[in-house]
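Undergrad: So in numbering that gives the first Met the number 0, spot 141 of the sequence shown is number 140, and the numbers just go up one at a time.
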Amino acid sequence: MNENAADILLSPLLTLEEIGSLAEIPVTYEIKQNGRSHNPSCRQRGKRTTEQVTTSVREFRVQGHHERACRTCGGGDLPELTHEQEAGVRRLALLLPEREETARREREAQRAAATRVQAAEAIDQRAREVLHGWDSRLAHERRHLQGRPARVLTATTVTIQVIA
């Protein structure tokens with residue numbers, strides 16, 4: 000339950016108000032030079048980490064370490080939880096699936112919007128070049144297109160002779 004509890008309590012999808020009294024649970028962690036927080040026994044932490052620090056979950060989150068937590072270990076080590084604390088963590092765990100789905104939909108919407116904006120900016124740039132008569136850019140495009148191999152086209156014509 001400890002690793003799972005750490006994942007839940009340190010999740011950026013939950014607020015401190017939702018965590019409530021569980022925010023006073025101590026968490027032990029180390030910070031790598033790149034700013035990522037690790038459990039002291041994490042195999043990903045490497046050699047260049049700070050000394051072990053023990054603070055409350057609240058302080059850990061206020062400092063923003065939960066947003067750059069290690070994906071392998073969850074970012075910190077929690078002590079054994081009491082039955083009441085485990086029940087609180089289980090209640091919080093019920094909130095996460097819906098929040099994760101909402102976050103996934105928001106990321107997809109942002110990607111789709113970024114794609115639309117990029118396409119619109121390309122069209123705007125091309126229209127700006129045409130409107131302002133940037134002949135050098137258009138000439139460059141023509142030279143680029145002339146260097147491409149021509150496609151083979153077949154045309155059939157009919158000749159009609161009229162005898163008068």
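From the three backbone atoms N, C-alpha and C, an ideal C-beta is built for every residue, glycine too.
Taking Cβ to Cβ, would you say R29 is nearer than 8 Å to T48?
TA: Position 30 of the sequence shown, counted from the start, is the residue given in the question as residue 29. Position 49 of the sequence shown, counted from the start, is the residue given in the question as residue 48. According to the sequence displayed, residue 29 carries Glu and not Arg. Their beta carbons are under 8 Å apart, which means E29 touches T48 by this criterion.
Undergrad: Look up E29 in the DSSP assignment and say whether it is helix, strand or coil.
TA: Mapped onto the sequence shown, residue 29 falls at position 30. If DSSP states are grouped into helix, strand and coil, E29 belongs with the strands.
Undergrad: Express the C-alpha separation of A68 and N33 in angstroms, rounding to a whole number.
TA: Within the sequence shown, residue 33 is the residue found at index 34, counting from 1. Within the sequence shown, residue 68 is the residue found at index 69, counting from 1. N33 and A68: Cα-Cα distance of roughly 11 Å.
Undergrad: What residue from E140, R103 and T27 has the CA that sits closest to E79's CA?
TA: Stepping through the sequence shown from its first residue, residue 79 is reached at position 80. Nearest C-alpha to E79: T27.
Undergrad: Excluding the 5 residues flanking M0 on each side, which residues of the same chain have their C-beta closer than 8 Å to its C-beta?
TA: As a first step, residue 0 is located in the sequence shown; it is residue number 1 there, counting from the start. Note that M0 has pLDDT 43, beneath the 50 cutoff, so the model's placement of it is unreliable and the number below is only indicative. Contacts found: L80, E85 and V88.
Undergrad: Under the three-state reduction of DSSP, which class applies to H37: helix, strand or coil?
TA: As a first step, residue 37 must be located in the sequence shown, where it is residue number 38. Note: H37 maps to strand in three-state DSSP.
Undergrad: Does DSSP classify P52 as helix, strand or coil?
TA: On the sequence shown, position 53 is the one that residue 52 refers to. Residue 52 is actually Val in this sequence, not Pro. Three-state result, V52: strand.
Undergrad: For A149, does the count of other Cβ atoms within 10 angstroms reach 16, so buried, or fall short, so exposed?
TA: Position 150 of the sequence shown, counting from 1, holds the residue named residue 149. Summary for A149: the model assigns pLDDT 49, below 50, so the residue's position carries little reliability; its value from the coordinates is reported in the next sentence. Classification of A149: exposed, given that the 10 Å Cβ count is below 16.
Undergrad: What's the gap between the Cα of I24 and the Cα of A108?
TA: For the purposes of this step, residue 24 is taken as residue 25 along the sequence shown, with counting starting at 1. For the purposes of this step, residue 108 is taken as residue 109 along the sequence shown, with counting starting at 1. If you take the alpha carbons of I24 and A108, they lie about 36 Å apart.
Undergrad: Using the DSSP secondary-structure output, state which residues sit across from A68 in a beta bridge.
TA: Residue 68 sits at position 69 when you count from the first residue of the sequence shown. A68 pairs with S36.
Undergrad: Return yes when the Cβ of G75 is within less than 8 Å of the Cβ of R4, no when it is not.
TA: Position 5 of the sequence shown, counted from the first residue, corresponds to residue 4. Position 76 of the sequence shown, counted from the first residue, corresponds to residue 75. First, the residue type needs correcting, since residue 4 is Ala and not Arg in the sequence shown. In this structure, G75 does not lie closer than 8 Å to A4 by Cβ.
Undergrad: Could you check which residue in E120, R104, E58 and S40 has the C-alpha nearest to that of S20?
TA: Working through the sequence shown from its first residue, we reach residue 20 at position 21. It is E58 whose Cα lies nearest to the Cα of S20.
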